[in-house]
Amino acid sequence: MLNLVLFGPPGAGKGTQAEFLIKSFGLIHLSTGDLLRSEIAAGTELGLKAKANMDKGELVPDEVVIGMIKSKLDANQNAKGFIFDGFPRTVDQAKALDNLLNENKTPVSGMLSLEVEKQELIDRLLERGKISGRADDQDQSVIENRINVYNKKTLPLIEYYKKQGKHFGINGMGSISDIAGRLKEVAENI
Numbered sequence: 001m002l003n004l005v006l007f008g009p010p011g012a013g014k015g016t017q018a019e020f021l022i023k024s025f026g027l028i029h030l031s032t033g034d035l036l037r038s039e040i041a042a043g044t045e046l047g048l049k050a051k052a053n054m055d056k057g058e059l060v061p062d063e064v065v066i067g068m069i070k071s072k073l074d075a076n077q078n079a080k081g082f083i084f085d086g087f088p089r090t091v092d093q094a095k096a097l098d099n100l101l102n103e104n105k106t107p108v109s110g111m112l113s114l115e116v117e118k119q120e121l122i123d124r125l126l127e128r129g130k131i132s133g134r135a136d137d138q139d140q141s142v143i144e145n146r147i148n149v150y151n152k153k154t155l156p157l158i159e160y161y162k163k164q165g166k167h168f169g170i171n172g173m174g175s176i177s178d179i180a181g182r183l184k185e186v187a188e189n190i
């Protein structure tokens, strides 16, 4: 089973690149952002709690996200593997994911970390905000806060996976197809 953590700051292109990896390897995409947005759209209690955090550019509480991931794993026990997009975001979440996956004897295979310059991230997100209408992609101060939260809270994950020999840094600059080629080459050799 191939379990990949697709990692990178907001605007790195995780969702776009996840699609290439899904098609290449037959993986199930677990995007916490998509799961949270569907809960928000449905107006659930979980969605309302998540929206309050997301509107400020903050992370959604661990127990909410981990519960959603567990139910997705349980519902797809015969999968070839999973691509985790937007999760884990903290070392505590990574440990919880390891525990969940180890219960099924299917550990994380590797973390593919997209590396993109800050100004490029801001430009990409502002452009996406024009197209998608997502409020959190239209306000530069919210975008910069999301990047700062990422730097403070999620960068320690790189060290966590490096210690396990599972961190793979990928140049996230350039064309979508160039980046996809780099990701695929690394994933094939994990």
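Here my numbering is used: the first residue of the sequence shown is 1, the next is one more, and so on.
Glycine residues also receive a C-beta, built at the ideal position from the N, C-alpha and C atoms.
Only a predicted model underlies this, so the values are computations on that prediction, with no experimental measurement involved.
Span of the beta strand (DSSP E), counted from its first residue to its last, around residue i
i	result
S109	S109 -> no beta strand (DSSP E), and no H or E assigned at all.
D85	81–85
V5	2–7
G169	167–171
S31	28–31
Cα-Cα separation between residue i and residue j, rounded to whole angstroms
i	j	result
A187	S31	18 Å
R128	G13	11 Å
M68	H29	13 Å
G43	D98	30 Å
G107	R124	Here the sequence assigns Pro to residue 107, which means Gly is not the residue at that position. Cα to Cα, the separation comes out at about 32 Å.
E120	R146	14 Å
L183	E117	18 Å
L100	V91	14 Å
D62	D34	16 Å
A79	N102	15 Å
Nearest-angstrom Cβ-Cβ length linking residue i and residue j, presumed shorter than 8 Å
i	j	result
A94	Y160	5 Å
V64	L46	6 Å
F25	G81	7 Å
L4	S109	6 Å
K233	R89	In the structure as shown, the chain begins at 1 and stops at 190. Residue 233 is therefore absent and cannot be evaluated.
Same chain only: Cβ atoms within 8 Å of residue i, ignoring 5 sequence neighbours per side
i	result
L126	D137, Q138, Q140, I143
P10	L121, L125, I143, R146, I147, Y150
A50	L36, E39, I40, V60, V64
Cβ shell of residue i (< 7 Å), same chain only, five flanking positions each side left out
i	result
S113	F7, G8, I158, H167, F168, G169, I170
Cβ-based neighbour list, residue i, same chain, cut-off 6 Å, excluding 5 preceding and 5 following
i	result
A18	L6, H29, I83, D85
K72	L30
With 16 other Cβ atoms within 10 Å as the buried cut-off, status of residue i
i	result
L155	exposed
A52	exposed
M173	exposed
The ligand PLP heavy atom lying under 8 Å from the CB of residue i
i	result
L101	Inclusion of the ligand PLP in the displayed structure is not the case, the ligand content being empty and no account of it being possible.
Run of the alpha helix (DSSP H) containing residue i, from where it starts to where it stops
i	result
I192	Any property of residue 192 remains undetermined from this structure, which presents the chain solely from 1 to 190.
V186	176–188
T90	That residue, T90, is in no alpha helix (DSSP H); it is neither H nor E in DSSP.
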